[in-house]
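Residue numbers (full-length UniProt numbering): 1 to 205. A quick write-up on the structure given underneath.
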């Protein structure tokens, strides 16, 4: 029953928006009484959290399937091919994490934390792939921004063109990074002993 509620919540939240779907809508969709819903989940926010955790696992599986084969460069480019396939699905409505942050990020610190962690972990995986390709780790942030921007653009435009455009831009960045004679030295140089900057840092959203 818990799995059925989460599946319905995922489907409705993604199609209609989190704030548009109340507990009554979940009751109607699943046939589970409100009393039983609240015994399974203490609050709507707890359902949203579980849905996002599920989406995180799904995203990781898609990324790993995409980068399973090929050379280091091809594995990076394959992420944008995966995005193109996703964007072409009839039910594509953008990134669930970006959508959730837009709806609840300002009012729910826990949801904001989950979204930030998801995006940070994606960029960390890109960093691993970039370093394996022999480029500076700074390339990962640039590739992540392309992927994130493509998701938002595709949701608005309703086409997968953004994935192909992001792929082309990624290839330019990757090739430039791999040709850069300073890339290898930047990747292998020891950490600077200079005091760390106090400026805030962030990850792609």
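Every residue gets a Cβ at the ideal spot worked out from N, C-alpha and C, and that includes glycine.
Query raised in the report: What are the boundary residues of the alpha helix (DSSP H) that includes residue 61?
Result: Residue mapping note: residue 61 aligns to position 61 of the chain shown, counting from 1. Element bounds for residue 61: 44-66.
Query raised in the report: Which residue from 42, 7, 96, 128 puts its Cα closest to that of residue 17?
Result: Taking the first residue of the chain shown as 1, we reach residue 17 at position 17. Here the closest residue by C-alpha is 96.
Report task. Spell out a yes or no on whether the segment 100-115 and the segment 148-157 are touching, meaning 3 or more CB-CB pairs, one atom from each, closer than 8 angstroms. Result -> no
Query raised in the report: Can the beta-carbon of residue 78 be found closer than 8 angstroms to that of residue 71?
Result: Position 78 of the chain shown, counting from 1, holds the residue named residue 78. Position 71 of the chain shown, counting from 1, holds the residue named residue 71. In this structure, residue 71 does not lie closer than 8 angstroms to residue 78 by Cβ.
Report task. Please check the pair residue 170 and residue 143, which I expect to be a contact at CB under 8 angstroms, by giving their CB distance rounded to whole angstroms. Result -> In the chain shown, counting from the first residue as 1, residue 170 sits at position 170. In the chain shown, counting from the first residue as 1, residue 143 sits at position 143. Confirmed, Cβ separation roughly 6 angstroms.
Query raised in the report: Quick one: what's got a C-beta closer than 6 angstroms to residue 66's C-beta in the same chain, skipping five residues either side?
Result: Sequence index remark: in the chain shown, residue 66 carries index 66 (1-based). Once the five neighbours on either side are set aside, the close Cβ partners of residue 66 are 78, 79, 82.
Report task. Could you say if the segment 89-103 and the segment 34-45 meet the contact criterion of at least three C-beta pairs nearer than 8 angstroms? Result -> no
Query raised in the report: Roughly how many angstroms separate the alpha carbons of residue 120 and residue 127, rounded to a whole number?
Result: Numbered from its first residue, the chain shown carries residue 120 at position 120. Numbered from its first residue, the chain shown carries residue 127 at position 127. Straight-line Cα distance between these residues: approximately 10 angstroms.
Query raised in the report: What is the DSSP secondary structure of residue 92, counted as helix, strand or coil?
Result: Within the chain shown, residue 92 is the residue found at index 92, counting from 1. Looking at residue 92 - three-state DSSP - the assignment turns out to be coil, as it is neither helix nor strand.
Requested in this report: Determine the direct distance from the alpha carbon of residue 147 to that of residue 252, and round the result to whole angstroms.
Outcome: Limits of the chain in this structure are 1 at one end and 205 at the other, which puts residue 252 out of reach.
Query raised in the report: Under a Cβ-count criterion, where at least 16 other Cβ atoms within 10 Å of its own Cβ denotes burial, should residue 53 be classed as buried or exposed?
Result: To locate residue 53, count along the chain shown from 1; it is residue 53. Per the 10 Å Cβ criterion, exposed.
Query raised in the report: Exposed or buried, what is residue 51 when buried is set at 16 or more other beta-carbons lying within 10 Å of its beta-carbon?
Result: Numbered from its first residue, the chain shown carries residue 51 at position 51. So residue 51 counts as buried.
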